[in-house]
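These notes are about the structure you will find just below.
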Amino acid sequence: MAAPKESVVGPLVGAVVQGTNSSRFLVFNSKTAELLSHHQVQLTQEFPKEGWVEQDPKEILQSVYECIERTCEKLNEVNIDISNIKAIGVSNQRETTLIWDKLTGEPLYNAVAWLDLRTQSTVENLSKKIPGNNNFVKSKTGLPLSTYFSAVKLRWILDNVSEVQKAIEEDRALFGTMDSWLIWNLTGGVNEGVHCTDVTNASRTMLFNIHSLEWDKELCDFFEIPMSILPNVCSSSEIYGLMKAGALEGVPISGCLGDQSAALVGQMCFQEGQAKNTYGTGCFLLCNTGRKCVFSEHGLLTTVAYKLGREKPAFYALEGSVAIAGAVIRWLKDNLGIIETSEEVEKLAEEAGTSYGCYFIPAFSGLYAPYWDPSARGIICGLTQFTNKSHIAFAALEAICFQTREIVDSMNRDCGIPLSHLQVDGKMTTNQILMQLQADILHIPVIKPSMPETTALGAAMAAGAAEGVGIWSLKPEDLSAVMMERVDPQIKATESEIRYSTWKKAVMKSMSWVTTQSPESSDSAIFSSLPLGFFIVSSMMILIGARYISGTAY
3 MAAPKESVVG
13 PLVGAVVQGT
23 NSSRFLVFNS
33 KTAELLSHHQ
43 VQLTQEFPKE
53 GWVEQDPKEI
63 LQSVYECIER
73 TCEKLNEVNI
83 DISNIKAIGV
93 SNQRETTLIW
103 DKLTGEPLYN
113 AVAWLDLRTQ
123 STVENLSKKI
133 PGNNNFVKSK
143 TGLPLSTYFS
153 AVKLRWILDN
163 VSEVQKAIEE
173 DRALFGTMDS
183 WLIWNLTGGV
193 NEGVHCTDVT
203 NASRTMLFNI
213 HSLEWDKELC
223 DFFEIPMSIL
233 PNVCSSSEIY
243 GLMKAGALEG
253 VPISGCLGDQ
263 SAALVGQMCF
273 QEGQAKNTYG
283 TGCFLLCNTG
293 RKCVFSEHGL
303 LTTVAYKLGR
313 EKPAFYALEG
323 SVAIAGAVIR
333 WLKDNLGIIE
343 TSEEVEKLAE
353 EAGTSYGCYF
363 IPAFSGLYAP
373 YWDPSARGII
383 CGLTQFTNKS
393 HIAFAALEAI
403 CFQTREIVDS
413 MNRDCGIPLS
423 HLQVDGKMTT
433 NQILMQLQAD
443 ILHIPVIKPS
453 MPETTALGAA
463 MAAGAAEGVG
473 IWSLKPEDLS
483 AVMMERVDPQ
493 IKATESEIRY
503 STWKKAVMKS
513 MSWVTTQSPE
523 SSDSAIFSSL
533 PLGFFIVSSM
543 MILIGARYIS
553 GTAY
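So that you can map any letter, position 348 of the sequence shown is 350 in this note's numbering, and since no number is skipped, the others follow by simple counting.
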């Protein structure tokens with residue numbers, strides 16, 4: 003006789019978390035926010051040329067289906083009834099751009115990832131069209147013209163992929179960021195799948211007016227993007243459609259947030275001035291600015307934080323974006339081979355206890371906030387004969403913390419009130435050395451939740467709170483208390499400032515590394531012929547122009 007299903011207090015909510023390196027599905031108890039089960043599938047990235055980063059949309063979709071099915075199997079194994087899952091939220095890597103055929107459901111090109119640099123010449127050409135005294139792109143979108151955002155990636159695809167051009171002419175093409183691709187497929191795909199996105203993801207395309215909360219004709223005309231291919235823009239918390247297949251067929255998809263907005267919600271940063279920093283492939287600091295758009299004077303982005311219901315107001319955030327955080331650890335593993343697993347970096351760094359004057363600027367995709375310099379490239383400097391792989395591992399962790407310090411400083415100047423502590427989340431927060439370094443370099447306490455899956459939690463909260471679902475209350479008095487761990491600084495502020503000023507000096511050396519397009523492309527053949535880890539040595543300093551090499555990963 004089969005064991006009876008375990009009684010779980012309160013309905014359950016699932017969350018799809020589609021990231022750069024993996025897809026996950028997690029299930030939470032809506033009354034306690036307890037994580038009950040999850041499954042994760044690692045993803046591949048493709049590097050067809052130097053600076054190009056692509057992903058297979060079908061691999062990503064299949065990984066999401068697999069995560070959902072395996073998580074449901076795990077729940078059944080512990081006698082939890084999956085019929086208690088009443089809603090599903092979606093959180094996703096932002097900006098990553100794809101176009102597919104609405105008649106066949108087939109992608110028309112690989113997804114062009116947010117880290118991709120191929121559009122630099124597109125950006126340069128477009129920037130010449132913006133009047134110097136009227137940067138209407140930034141005033142409408144809150145974003146600088148950069149390779150980072152979807153519009154320039156989409157423009158490149160339209161200019162270079164004949165299959166896409168033909169599909170647009172024949173009215174077969176649909177554009178979306180990863181959330182749109184997933185929701186369209188999960189709700190039926192070619193059989194009346196819902197083509198939508200939410201305000202947080204739309205605000206990262208550079209085609210969306212963050213004031214009127216709608217696609218902007220002037221922006222679409224500027225980038226020459228046909229508005230007919232754009233998804234319908236919804237709030238972050240409403241029923242978009244129902245699951246049409248699998249173990250959760252019939253369950254509403256009712257939450258959608260870009261990953262960093264989801265983490266802000268999951269950290270319960272609902273009050274103006276509350277901020278969080280997420281450590282993933284990149285590093286992203288968001289500060290809730292309430293119902294008003296605050297424009298940065300110090301290199302930060304203005305973005306939509308969330309809109310938790312059709313009739314609810316939009317809330318905004320200032321954001322500091324760092325391209326390379328966890329990706330630098332993957333680079334140490336995959337490209338240099340000095341570690342076999344990402345977890346080993348903590349042990350190596352602990353053995354060293356210091357970088358011994360070594361500084362690492364991981365500008366593999368140029369520099370994002372606060373510099374926005376696409377011509378920057380990675381360098382490692384301050385090396386001596388004494389330097390070994392442990393010091394480089396330590397310097398890599400320090401680099402993540404120094405980059406965070408730069409965006410915290412920008413945030414403090416823009417907001418006028420310095421952060422008294424930093425709330426953190428993301429997989430890398432399990433690294434104790436990293437968290438201690440972060441507290442030391444910021445010289446303020448770092449606060450991390452005992453349950454680090456805040457991105458998934460935010461997506462689940464949005465889904466469970468949606469009108470027509472109503473199983474997750476977002477009222478302050480109803481939100482579950484979260485256990486937190488505090489990490490305090492252990493060094494003097496003067497030592498922190500000395501290390502930070504040396505870091506800034508190293509950053510200056512990494513900037514404007516690529517001076518023109520032609521040498522950049524022509525010398526790639528020279529670099530690809532060199533062994534990995536090849537160093538150009540001078541008596542004073544060793545610099546590495548860290549660049550993508552065809553066929554390698556971060």
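We put the beta carbon where it would ideally sit given N, CA and C, even for glycine.
Looking at the DSSP output, CYS285 shares a beta bridge with TYR281, VAL324.
Measuring C-alpha to C-alpha distances from VAL192 to each of ARG174, LEU209, SER205 identifies ARG174 as the nearest.
As the crow flies, the alpha-carbon of LEU215 is around 25 Å from that of ASN187. The way I'd put it, the region 89-106 doesn't touch the region 125-132; fewer than three beta-carbon pairs between them come closer than 8 Å. In the DSSP assignment, VAL154 falls outside any beta strand (DSSP E) and within the unbroken alpha helix (DSSP H) covering 152-162. ASN31 is bridged by DSSP to LEU14.
According to DSSP, VAL114 shares a beta bridge with GLU56, THR99. By DSSP's assignment, ASP427 forms a beta bridge with THR280.
CYS74 carries a helical assignment under DSSP once its states are collapsed to helix, strand and coil.
The three-state reading of DSSP puts PHE297 in coil, since its state is none of H, G, I, E or B. Where HIS213 is concerned, there is no enclosing alpha helix (DSSP H), because DSSP gives it neither an H nor an E. Fewer than three beta-carbon pairs drawn from the region 458-473 and the region 414-422 are found closer than 8 Å, and the two stretches are therefore not classed as touching. The C-beta distance from VAL114 to LYS88 rounds to 35 Å, too long to fall under 8 Å, and the pair is not in contact. Of the other Cβ atoms in all chains shown, fewer than 16 fall within 10 Å of the Cβ of ASN162; this residue is therefore exposed. Judged by DSSP secondary structure, HIS197 falls outside any beta strand (DSSP E); it is assigned neither H nor E. Scanning ASP58, ILE255, PHE362 for the CA closest to the CA of GLU469 turns up ILE255. Between the alpha carbons of GLN438 and PHE49 lies a distance of about 34 Å. For LEU436, no beta strand (DSSP E) encloses it; the enclosing alpha helix (DSSP H) starts and ends at 434-444. Rounded to the nearest whole angstrom, the C-alpha separation of VAL489 and ILE435 is 11 Å. Collapsing the DSSP output to three states places GLU497 in a helix. The beta-bridge partner set that DSSP reports for LYS450 consists of GLU487. ASP218 sits buried, since 16 or more C-beta atoms from the chains shown fall within 10 Å of its C-beta. ASP200 is classed as buried because its beta carbon has at least 16 other beta carbons within 10 Å across all chains shown. Within the same chain, and ignoring the five residues on either side of ILE331 in sequence, the residues whose Cβ sits closer than 7 Å to its Cβ are SER344, VAL347, ALA398. Only buried fits PHE366, as 16 or more other CB atoms lie within 10 angstroms of its CB. DSSP, read as helix, strand or coil, puts ARG206 in coil. A straight line joining the alpha-carbon of LEU424 with that of VAL448 spans about 5 Å. Bounds of the beta strand (DSSP E) holding ALA175 are 175-179. Secondary structure note for ILE394: its alpha helix (DSSP H) is the uninterrupted segment 391-417. With 16 or more other Cβ atoms inside 10 Å of its own Cβ, SER182 counts as buried.
By the C-beta criterion, the region 292-300 is judged to be in contact with the region 309-323, since at least 3 inter-stretch pairs fall below 8 Å.
By the Cβ neighbour-count rule, PRO146 is buried, with 16 or more other Cβ atoms within 10 Å of its own. Membership of SER239 in the beta strand (DSSP E) is indicated by the continuous run 239-244. THR305: member of the beta strand (DSSP E) spanning 303-308, first to last residue.
Shown here for PRO228: same chain residues with a beta carbon closer than 7 Å to its own, the five before and five after excluded, namely ILE170 in chain order. The residue from THR280, VAL55, ASN234, TYR308 with its alpha-carbon nearest to that of VAL267 is TYR308.
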